[in-house]
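Enquirer: Dropping the structure in here first, questions after.
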Amino acid sequence: MTRADPQMKIRLPDDLRDRIAELAKANGRSMNAEIVARLQSSVDGEGSEMISKAEAERLNGNMVALLDALEAGAKWALDGSSDYAKRVEEMKRRNDKNSKLDPLAESPTKR
């Protein structure tokens with residue numbers, strides 16, 4: 001976009017203007033660039049797929065928190081002190097013991 005591009009004047013309600021200003025700041029753009037980007041994506045049919053930079057950062061923060069919780073849960077479950085870890089080890093031992101006792105378990109072609 002250049003200064004030679006046609007200019008338009010539009011009237012916006014104050015609350016809409018303020019919201020566009022917030023979105024432009026969150027996305028690191030001028031208000032004009034924000035309006036042009038949103039109009040362009042709407043015309044191109046991409047409007048429903050766009051999210052703001054602020055929304056992307058919020059979602060990224062949620063994913064990091066979930067991954068941290070998952071990692072903490074996995075460490076707890078597998079650290080050897082929980083009942084869960086002990087049960088998993090017992091199941092592994094039983095499975096190993098049963099597969100050694102059952103010759104058919106090793107070779108499905110012998111059936």
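Numbering (the UniProt record's numbering), first residue to last: 1 to 111. Just so it is clear, CB atoms sit at the ideal spot from N, CA and C, and this is done for glycine as well.
1) Can you look up ALA4 in the DSSP assignment and give me helix, strand or coil?
2) Out of ILE35, GLY28, ALA26 and THR2, state which residue places its alpha-carbon closest to the alpha-carbon of LEU12.
3) Between ALA77 and TYR84, what straight-line distance do the alpha-carbon atoms span, to the nearest angstrom?
4) Looking at the unbroken alpha helix (DSSP H) that takes in GLY73, where does it start and where does it end?
5) Decide if ALA24 is buried, meaning its Cβ has at least 16 other Cβ atoms within 10 Å, or exposed.
6) Suppose only complete runs of 4+ residues qualify. What are the alpha helix (DSSP H) ranges in the UniProt domain "Arc-like DNA binding" (3 to 47), listed by chain order?
7) Determine the direct distance from the alpha carbon of LEU101 to that of LEU59, and round the result to whole angstroms.
8) Buried or exposed: ARG111, going by 16 or more other Cβ atoms within 10 Å of its Cβ?
9) Are the beta-carbon atoms of SER52 and ASN27 separated by less than 9 Å?
10) Tell me which residues share the same chain as GLU90 and place their Cβ nearer than 7 Å to its Cβ, disregarding the 5 neighbours each side in the sequence.
11) Distance, Cα to Cα, VAL43 vs ALA21?
Expert: Quick answer:
1) On the sequence shown, residue 4 is found 4 positions in, with the first residue counted as 1. Here ALA4 sits in coil by DSSP.
2) Position 12 of the sequence shown, counted from the first residue, corresponds to residue 12. Selected option, being the one with the closest Cα: ILE35.
3) Position 77 of the sequence shown holds residue 77. Position 84 of the sequence shown holds residue 84. So the alpha carbons of these two residues sit roughly 6 Å apart.
4) Taking the sequence shown and counting its residues from 1, one reaches residue 73 at position 73. Note, GLY73: alpha helix (DSSP H), 53 to 78.
5) Residue numbering aside, residue 24 sits at position 24 when the sequence shown is read from its first letter. Answer is buried; the Cβ neighbour count reaches 16.
6) 14 to 26 and 31 to 43
7) Here the question's residue 59 lines up with position 59 in the sequence shown. Here the question's residue 101 lines up with position 101 in the sequence shown. Their backbone Cα atoms lie some 51 Å apart in a straight line.
8) Taking the first residue of the sequence shown as position 1, residue 111 is located at position 111. With a pLDDT of 47 at ARG111, under the threshold of 50, the modelled position of that residue is not reliable, and the figure given next carries that caveat. Counting Cβ neighbours within 10 Å, ARG111 comes out exposed, since fewer than 16 surround it.
9) The count along the sequence shown starts at 1 and reaches residue 52 at position 52. The count along the sequence shown starts at 1 and reaches residue 27 at position 27. A contact, by the Cβ cut-off of 9 Å.
10) Within the sequence shown, numbered from 1, the residue matching residue 90 stands at position 90. Cβ within range, chain order: n/a, list empty.
11) On the sequence shown, position 43 is the one that residue 43 refers to. On the sequence shown, position 21 is the one that residue 21 refers to. Computed Cα separation, rounded: 21 Å.
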